[in-house]
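Note that our numbering gives residue 168 to position 168 of the sequence shown, counting from 1, and the numbers run on in steps of one. C-beta atoms are modelled at their ideal positions from N, C-alpha and C, and glycine is treated no differently. In what follows, a structure is listed as C-alpha cells, so that the remarks can point back to it.
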Amino acid sequence: MLFISYSIFFLGTVVNATLSIHFLTYYVRITSSKALSLFHLSFFVAALVGVVFWLRASRMIEKRWLYFAGTLSTSIVMGCAFLVLGEGRLFGTGNLLPLLIGHGIAGFFASVLWIIPASMIADIADEDELLNGERREGTFFGLFYFGEQIAAGASVLVAGVLIDWFAGLIPGQTHQSAITISRIGMLYSLLPSALLGIGALFIMRYSLDQHKVIAIQLELAKAQTLQKQFVFNHDLQDSKPTHKKRTSLETGEAI
C-alpha cells in the first residue's frame, strides 16, 4: 500500500508542479519573474521548517497518521487554489500574497513525505527479515524509487496531454479562452488534489503501528543475540585443544 500511495502522491505533485507556470500565467495572471521565484521559494522554505517539525512529531505520533495527515492536508490546500483564486474568486487575479501563503502551507504539509516513507520502508524491511530471515531493504527501496520515477514520467505525459486535449491551450498565444483558463485551474488544482486524496486513502491500509514495530525489533534483537551466542559457543568449542593418547609404543605406557 505504501508503494501505491506514494506513487499516486508523487504523480499528483509533479502534475501540479508541471502546470504551475500555466496556472500562474493564465489563471492568476502573474508573470513577473520575481513573483515566480518567490512562489517556488515559499514552498521550499516552509518545507524545510516542516521537516524539523515532522521529525519531532514522528517520535510521538504513528507514522501512518502523519503520512495521512500530510497527504490529505496538501490535497485540501491544492484544491483550494481553484476555489479561492482566479477571475471572480475571493482573491481574484494578480494577488501574490495568498499564493505565497497557500504554497507555503502546501510545502509544510508535503514535507512529511520527504522523511516518513523511508522510515516506513525500514519497518517493512524489519518485518520481512523476521518472516523470511533475509535483509532485503535494498530491494524495497529500489522498488519504491522505481515507482517514484514511473510516476514522475507519467505525470509529465499526463500534464502535456491534458493541457492540449482537455484545456485546449493554444501555444504562444497570450490570451486564452475563458474555458481554457478555467480548465487550466482545474488541472493544476483539482486533479492533483483528487490524486493526493486517493493516495491518503491507500495509506490507511498500512498496518505497521508503533507497537508492532517495537515487537518486531525485539524479536529481531533476540534472534541476533541467539545467533551471536551460537557463533561464540561454536568458536569456543573449536578453540579447545584436542588431546590424543600417547601409546605405549611411544612412552612404554599409556598416558
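Cβ of Gly-102 within 8 Å of Cβ of Ile-30?
For Gly-102 and Ile-30, no; Cβs fall outside 8 Å.
What residue range is occupied by the uninterrupted alpha helix (DSSP H) comprising Phe-3?
Phe-3 -> alpha helix (DSSP H) spans 2-18.
Any idea if Thr-225 is buried or exposed, counting beta-carbon neighbours within 10 angstroms, 16 or more meaning buried?
By the beta-carbon neighbour count (other beta carbons within 10 angstroms, threshold 16), Thr-225 is exposed.
Using a Cβ distance threshold of 8 Å, determine whether the region 145-155 contacts the region 129-137, with at least three qualifying pairs required.
For the pair of segments examined, the region 145-155 was found not to touch the region 129-137: the number of CB pairs separated by less than 8 Å stays below three.
Quick one: give me the first and last residue of the alpha helix (DSSP H) that Arg-56 is part of.
Segment 33-57, the alpha helix (DSSP H) holding Arg-56.
Under 8 Å, with one C-beta from each stretch per pair, do the region 180-191 and the region 4-24 reach the 3-pair mark?
As far as the Cβ criterion goes, the region 180-191 touches the region 4-24, which means the pair count is three or higher.
Tell me the DSSP secondary structure of Pro-171 in three-state form.
The answer is coil: DSSP assigns Pro-171 none of H, G, I, E or B.
Other residues of its chain near Thr-180: CB distance less than 7 Å, five sequence neighbours each side excluded
Around Thr-180: Ala-167, Gly-168, Leu-169.
Using a Cβ cut-off of 8 Å (strictly closer), state whether Leu-2 contacts chain B.
The structure shown contains no chain B; it is built from a single protein chain.
For the candidate residues Leu-11, Ser-182, Phe-3, Pro-171, whose alpha-carbon lies nearest to that of Ala-159?
Nearest in C-alpha terms to Ala-159, of all of Leu-11, Ser-182, Phe-3, Pro-171, is Leu-11.
Just checking Thr-180 against the ligand FMN - is the residue's beta carbon closer than 7 Å to any of the ligand's heavy atoms?
The ligand FMN is absent from the structure shown, which contains no ligand whatsoever.
Over what stretch of residues does the alpha helix (DSSP H) that includes Thr-259 continue unbroken?
Residue 259 is absent from the model: the chain starts at 1 and stops at 255.
How far does the alpha helix (DSSP H) with Phe-109 in it reach, from first residue to last?
Counted as a single uninterrupted DSSP element, the alpha helix (DSSP H) harbouring Phe-109 occupies residues 96-110.
Just to confirm the assignment, what range does the alpha helix (DSSP H) spanning Val-28 have?
Annotation: Val-28 is outside any alpha helix (DSSP H) and is labelled neither H nor E by DSSP.
Since I believe Ser-119 is in contact with Ala-47 (beta carbons under 8 Å), could you give me their beta-carbon distance rounded to a whole number of angstroms?
Actually they do not touch by this definition, with Cβ atoms about 17 Å apart.
Collapsed DSSP secondary structure at Thr-93 in the structure displayed:
Coil at Thr-93, not helix or strand.
With Phe-202 as the anchor, note down where its alpha helix (DSSP H) starts and where it stops.
Run containing Phe-202: 191-203, per the alpha helix (DSSP H) assignment.
Could you check the C-alpha separation between Leu-99 and Ala-17 for me, to the nearest Å?
Cα to Cα, Leu-99 sits roughly 14 Å from Ala-17.
Burial state of Val-52 (16 or more Cβ within 10 Å):
Val-52 should be labelled exposed.
Considering just the uninterrupted stretch of the alpha helix (DSSP H) at Asp-209, what are its terminal residues?
For Asp-209, there is no enclosing alpha helix (DSSP H), as DSSP marks it with neither H nor E.
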